[in-house]
Amino acid sequence: MSNTWFRFKQFMINQDRCAMKITTDACIQGAWTAVLPEVKTVLDIGAGTGLLSLMLAQRCPGIHIDAIEFEEGAASQAKENVALSDWKEQINVIEGDARSYTYPHKYDLIISNPPFFHDSLLGPGEEKNMSRHTLSLNYQNLIQIFENNLSQYGYISILLPATEYNIWHSLASSRNWMEVGKLSVKNNSKSPVNRVVGLWSKNSNLSFPTQELEIRDVQNEYSPFFKQLLSPYYLGL
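When we follow numbering that gives the first Met the number 0, the leftmost residue of the sequence shown carries the number 0, and every step to the right adds one.
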């Protein structure tokens, strides 16, 4: 991502100061994930520095978001980012373990950009390992949190690499979850799909689009679909 500053109306996040870097993938998830009018409560699992919560709060002034983050530095940065924003009354940042935290109520939407690369080698950085590998939160943990804390008619949004999404798909389907919407993300028309945002629910009445996003066009410029999604958040797009 070439942009250092990310716009939320008059509020900006300086990526250089964030403990965990803001990624294009997470921005796409935050912009694309549908928020139905019935959604009043949202849980952001693995909130990082608060990006997804801030994006959803900007789009939907009527929702309340609990954003839980395990890593101390990221949680501290999320609290600061939220406090400096226009949406501090909507977002409650919690530093804690999503697996053991006692949530105050059920949520209409749960969004997560969880740890991934569960079978890959660990790197030297503990913080990066915690955020990118399934050390602190594996898929079985995650689906249990969803089942315990999602409202009866609610849905979840999950972002994963394409190969990991296949693993998640098998697990979730075996637990009677239904994929009710999907965005497949690729760098350009010649690239394979490398990220997937999936919307899942046990409510068979829900239906969202199944779409494909190419980030760049044949001229290596941002595609019209990408601009449509991200222009409310990126400076200079």
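For each residue, glycine too, the CB sits at the ideal point set by N, CA and C.
In DSSP terms, what residue i is bridged to
i      : result
Thr209 : Lys181
Pro160 : Arg194
Glu68  : Glu94
Ser111 : Ile44, Ile157
His63  : Thr40
Leu228 : None; Leu228 has no bridge partner.
Tyr102 : Paired residue(s): none; Tyr102 is not in a bridge.
Leu149 : Tyr106
Arg215 : Tyr221
Residue j beta carbon less than 8 Å from that of residue i
i      : j      : result
Ala46  : Gln89  : no
Asn140 : Tyr102 : no
Leu234 : Tyr221 : no
Ala30  : Tyr232 : yes
Leu50  : Ala82  : no
Asn193 : Asn186 : yes
Ile142 : Thr23  : no
Arg98  : Ile144 : yes
Tyr154 : Leu108 : yes
Ser183 : Glu211 : yes
Cβ-based neighbour list, residue i, same chain, cut-off 8 Å, excluding 5 preceding and 5 following
i      : result
Tyr138 : Pro113, His117, Ile166, Trp167, Leu170
Ser230 : Leu236
Pro191 : Ala161, Lys185
Asn219 : Asn187
Tyr106 : Thr40, Val41, Leu42, Asp65, Asn148, Leu149, Ser150, Gly153
Ala238 : In the structure displayed, the chain extends from 0 to 236; residue 238 sits before or after that span and is not available.
Cβ neighbours of residue i in the same chain (closer than 6 Å, five flanking residues each side left out)
i      : result
Asp96  : Phe69
Ser156 : Thr32, Ile110, Leu198
Contacting residues, own chain, Cβ-Cβ under 7 Å from residue i (five flanking each side not counted)
i      : result
Thr209 : Gly180, Lys181
Asn175 : Lys201
Lys87  : Val81
Leu205 : Tyr154, Val179
Met54  : Gly29, Ala30, Tyr232
Q.
What ranges does the beta strand (DSSP E) occupy inside the segment 180-206, keeping only unbroken runs of at least 3 residues that lie completely in it?
A. Scanning the segment 180-206 for uninterrupted beta strand (DSSP E) segments of 3 residues or longer gives 194-200, listed from N- to C-terminal end.
(Q) Could you check whether the segment 192-199 touches the segment 217-235, counting it as contact only if at least three pairs of C-beta atoms, one from each stretch, sit closer than 8 Å? (A) For the pair of segments examined, the segment 192-199 was found not to touch the segment 217-235: the number of CB pairs separated by less than 8 Å stays below three.
Q. How do the segment 57-72 and the segment 25-40 stand: do at least 3 beta-carbon pairs fall below 8 Å, yes or no?
A. Counting Cβ pairs under 8 Å, three or more are found: they touch.
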